[in-house]
Each structure stands twice: as structure tokens, then as C-alpha cells.
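Residue numbers (UniProt numbering): 1 to 447.
From the three backbone atoms N, C-alpha and C, an ideal C-beta is built for every residue, glycine too.
Every value quoted in this text rests on a predicted model; they were computed, and no experiment measured them.
Right, one structure below, let's go through it.
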Amino acid sequence: MAAFSAVKIPPPQFTTVRSSSQRPGSSPAHFAHSPSAFNSISFGSAKSVRSRPLFAVSSDVVSSDKTKPASSSAFIVNCDMIWRSRLVHCLVVAVTREVALELYEDMVLGRAFEDMCAQMYYRGKMFGFVHLYNGQEAVSTGFIKLLNQSDKVVSTYRDHVHALSKGVPSREVMAELFGKATGCCRGQGGSMHMFSAAHNVLGGFAFIGEGIPVATGAAFSAKYHHEVLKQSKPEGLDVTLAFFGDGTCNNGQFFECLNMAQLWKLPIIFVVENNLWAIGMSHLRATSDPEIWKKGPAFGMPGVHVDGMDVLKVREVAQEAIARARRGEGPTLVECETYRFRGHSLADPDELRKPDEKAHYAARDPIIALKKYIIEHGLASESELKSIDKKIDDVVEDAVEFADSSPLPPRTQLLENVFADPKGFGIGPDGKYRCEDPLFTQGTAQV
């Protein structure tokens, strides 16, 4: 049994306790509140906490061997101190109309954009592998919409929506997918390598775990500028988000960077988009302990599990993790349990996942859930949300028209950004590329 830091919830804020565990057939989470220690809360099995008031959490129903907790003894768990339980928060955070509509619009943009990508791919407008983000929108939106412009995002091969959430124009992302000169990487990056210096998107990375060291380096740079060069900002340190999937978490770079980030208290959040499948390998078959968040405390940093299908819960966890990083308190590992609604890529027939599993998560669509929340809480009407849907459809259609009419990159661009030091290696004294010299390329394949 472990103790947890907690803060008292004022009576008006108390709401039904929910478990963030969503795996079909998973056991309910249990917690106990000790009347003698109003600043602590403990988690465990039903038997281990039976000596104190027990509240078993299952879906939206709270059962207890005593009475329902009074508002004066209701607690919300501080995500900094979660070490053993899948239950993250006991409160669904209220949001303003403006925030709710911003979240909704960003999630709808991500979904509509990816659906259009599928259409364009099958029409032959895109080439290579294209990995779509459908179903995982709550993670990107929940984290990235809290960032400042100077904060950094490092992504994976499933990177289109991360770029959109960070503000890269949909025109530029679509043009990049079309391989056009007007793309955010001038057509050289393609689907798996979205990059935008202007928006501090430091790239999508095709290889597993490849982006984590880059993100760790960006976080080190932020701390170095803040503490050594004394280029501090009123709002605190710039923060880096490193996105990666469950399949990355058995990779050596993951462990090395967690160690380094905690050792140096770097302002980084490691965001695990655990969609339960690494291509065709079930997460449960690939790791000795499927609860990824536990790897954070192993290095001395907070580890948090959150329902990655609920943008409000994701946002709540993200707020605290980002605030910790800005204050210089170091990294956080956040496991967002989510699900991709399509195959691994558009070349994947998606035959390995069971239909009932896919149906279970489809019923928890994060966009539909947020729409329901907005309407039920009177933040906007259904007609207002439909107008946002229409607006996004127009944005995506415009992106396709822009990409389709844009020019291809010139052949002279082929050798640009190939050499790390063009003055000393890539370009000779005569101003020509060294690789154009027959002696330089002797015995090598010709471009």
C-alpha cells in the first residue's frame, strides 16, 4: 500500500468518482480515504483497504461498505504522486465554452483531415506508407493545445495530427503528403517526417524511438538557455512533448532518455500513446508489465495513467505535467490508453484485432464523447457544433485543392539538406556540389 498526495475538493466541485481503466474485463480500481489523515489517500485491492472506508470504482457507479463520501471528505488525486493505481483523477474538470469549442474544433480537424488522407491515398495522390490517427485525437488535442508557441513537439510516423494541433496550416501538411514544393518540408519529408521550424514541430520519425533522444535534447537546450545562458522567460522553461507508442517502450532509447531527463530535471513530458497494438503485436504479449506508467517511478519521476479517449481527462493531466516542467521540477511519464480506429497504416487490412475489441473502443469515440459533454453542459448547441464541422470540411477541401494545384519540387532540390556541413563537405570551392565530381563519387551509386 502506498500513500498519495491529495488536495481537498470544495463541495461545489465534487462529482462522481470514475475509474480511468478501460480495458475490457479489467478489475475495478479501489481506493480508501483515511479519516485520520486528510492529506492522504491509498490505493489497493478490496481486501487490502478493508480496514478503512472503501469506495470501489466501476464505471460511473460508486459503491461503498459505508456511506457515500460527504463533500468535505472528497479528494482529487494529485497526478504527481501516482505510483500504483490506474485511477488517475476523481474529478472531471469543468471547461469554459471557449476552451471546449477549441478542443472540439481541433479534434474534428484531425479526424476530417485523416479521413481525407485515406481518400487521397487510394486515389494515388500520396505515396509510401501513410499512418492515420483516427481515434487518438484526444491525446494530441489534450496536450498540444496547452502549449506556448515556443514549446516543442516531437512526433512519430503517425504525425499529421500533431502538426495540425501545433498550428501547422492544413494546406502545408496536405501539400507535404502530396510531395509538393509548398509542403511544410517542401515535399521532401512526406507522411512520416512532418517538420516546421516556425511552429516548433521538430519532426516525425519513422523509426521506433528515434524521436525520443531528439526531444530530450530539445528539453536540455531549453534548460541550458534558461539556467546557463540566463535567457529566462517570465512563464518559465520551454516545454517539450515527446509522443511515441506502446511499441517504443521496450526500446533502449526510451529507458536511456527517461534516466537522463530525470537526472537533469529536464522540462519534458513523455507521452505514451498506448493504442494497445504495435502494428500486429498486442501490447499484452510484448512486455512483461503492460502498465507503462510504472516505468516513470522506476526512474524517480511521476508516472500517470489516463483515459486517452477522454480529452478532458487528458487535458487535466497535461496541465499538471506541463506546469511541473515549466517550474523546473522535471519530467513526467504519461500513459494515455487510447485506440486507433484504422489499421496500422493504409496498407494494413487490420485483420488481427477482434471485431468486439474494435467495437468496444468505437463506442467510446473521443469526438462523440466531447460533443455530448458540450451539449449536456450547455456550452454550445448542436447546430453550433455542426457549423464547426462544416467549417472544417471546407478547410480540408481547400487543403486538397491547394496541394493538388501546387508544383512539384525542382530536381535541383534533390541534393539539398543532404549534407550536415555543406560548406565543408557538400559544396566545393567552385560552388558546386562535391557529389557532382566524378572523382568524389567514384565507386558509389550515382544519383
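Residue i classed as buried or exposed, judged by whether at least 16 other C-beta atoms fall within 10 angstroms
{"i": "Gly378", "result": "exposed"}
{"i": "Met281", "result": "exposed"}
{"i": "Thr412", "result": "exposed"}
{"i": "Leu414", "result": "exposed"}
{"i": "Ser150", "result": "exposed"}
{"i": "Leu103", "result": "buried"}
{"i": "Pro234", "result": "exposed"}
{"i": "Val228", "result": "exposed"}
{"i": "Lys354", "result": "exposed"}
{"i": "Thr96", "result": "exposed"}
{"i": "Gly252", "result": "exposed"}
{"i": "Lys372", "result": "exposed"}
{"i": "Lys390", "result": "exposed"}
Residue i versus residue j: straight-line alpha-carbon distance, rounded
{"i": "Glu329", "j": "Asn200", "result": "22 Å"}
{"i": "Ser165", "j": "Ala286", "result": "30 Å"}
{"i": "Phe270", "j": "Gly245", "result": "10 Å"}
{"i": "Gly217", "j": "Glu376", "result": "43 Å"}
{"i": "Asp430", "j": "Ala181", "result": "27 Å"}
{"i": "Ile388", "j": "Leu177", "result": "24 Å"}
{"i": "Ala222", "j": "Val153", "result": "13 Å"}
{"i": "Tyr157", "j": "Leu132", "result": "9 Å"}
{"i": "Glu320", "j": "Gly124", "result": "43 Å"}
{"i": "Asp394", "j": "Asp159", "result": "22 Å"}
{"i": "Gly204", "j": "Ile212", "result": "11 Å"}
{"i": "Gly110", "j": "Lys432", "result": "42 Å"}
{"i": "Leu241", "j": "Ala215", "result": "7 Å"}
{"i": "Gly236", "j": "Arg327", "result": "6 Å"}
{"i": "Leu385", "j": "Ala198", "result": "30 Å"}
{"i": "Gly247", "j": "Ile208", "result": "8 Å"}
{"i": "Asn259", "j": "Met107", "result": "33 Å"}
{"i": "Glu401", "j": "Glu172", "result": "12 Å"}
{"i": "Lys360", "j": "Gly135", "result": "The residue asked about is misnamed: residue 360 is His in this sequence, not Lys. Approximately 12 Å between the Cα atoms of the pair."}
{"i": "Ser140", "j": "His162", "result": "6 Å"}
Close Cβ partners of residue i (< 6 Å) along its chain, the five nearest in sequence each way excluded
{"i": "Arg364", "result": "Met309"}
{"i": "Ser406", "result": "Ala175, Lys180, Thr182"}
{"i": "Val396", "result": "Ala112, Phe113, Met116"}
{"i": "Met120", "result": "Met126"}
{"i": "Gly187", "result": "Gly179, Lys180, Ala181, Pro409"}
{"i": "His344", "result": "Ile279"}
{"i": "Met192", "result": "Tyr157, Gly204, Ala206"}
{"i": "Val272", "result": "Ile292, Glu335"}
Beta-carbon contacts of residue i that lie in its chain and below 8 Å, excluding the five residues immediately before and after
{"i": "Ala318", "result": "Gly142, Phe143, Leu146, Ile269, Val334"}
{"i": "Gln262", "result": "Phe299, Gly300, Met301, Gly330, Pro331"}
{"i": "Ile374", "result": "Ala100, Leu101, Tyr104, Ala380, Leu385"}
CA nearest to the CA of residue i, picked from the options
{"i": "Asp398", "options": "Phe113, Ala362, Ala325", "result": "Phe113"}
{"i": "Glu357", "options": "Asp348, Gly209, Leu346, Arg342", "result": "Arg342"}
{"i": "Phe220", "options": "Lys391, Val239, Gly209, Ile208", "result": "Val239"}
{"i": "Glu351", "options": "Trp277, Gly135, Leu132, Glu291", "result": "Trp277"}
{"i": "Cys184", "options": "Ala403, His226, Leu415", "result": "Ala403"}
{"i": "Glu416", "options": "Val272, Ser383, Gly189", "result": "Gly189"}
{"i": "Arg340", "options": "Ser170, Ile392, Ala138, Phe129", "result": "Ala138"}
{"i": "Ala94", "options": "Val311, Pro169, Pro366", "result": "Val311"}
Where residue i falls: helix, strand or coil (DSSP)
{"i": "Leu101", "result": "helix"}
{"i": "Ala298", "result": "helix"}
{"i": "Phe31", "result": "Because Phe31 carries a pLDDT of 40, less than 50, the predicted location of this residue cannot be relied on, and no value is offered for it."}
{"i": "Ser150", "result": "coil"}
{"i": "Ile269", "result": "strand"}
{"i": "Asp398", "result": "helix"}
{"i": "Glu351", "result": "coil"}
{"i": "Cys184", "result": "coil"}
{"i": "His305", "result": "strand"}
{"i": "Asn250", "result": "helix"}
{"i": "Ala363", "result": "coil"}
{"i": "Thr240", "result": "strand"}
{"i": "Trp264", "result": "coil"}
{"i": "Val201", "result": "strand"}
{"i": "Met281", "result": "strand"}
{"i": "Ala332", "result": "Looking at the sequence itself, residue 332 is Thr, so the reference to Ala does not match. Of the three classes helix, strand and coil, the one that applies to Thr332 here is strand, per DSSP."}
{"i": "Glu316", "result": "helix"}
Beta-carbon proximity list for residue i, same chain, < 7 Å, skipping 5 on both sides
{"i": "Pro290", "result": "His283, Leu284"}
{"i": "Asn250", "result": "Ala286, Thr287"}
{"i": "His225", "result": "Gln231"}
{"i": "Ala118", "result": "Leu132, Leu346"}
{"i": "Glu382", "result": "Ile375"}
Cutoff 8 Å: residue i Cβ touching any chain B Cβ
{"i": "Leu241", "result": "Reference to chain B is not applicable here, since this structure consists of a single protein chain."}
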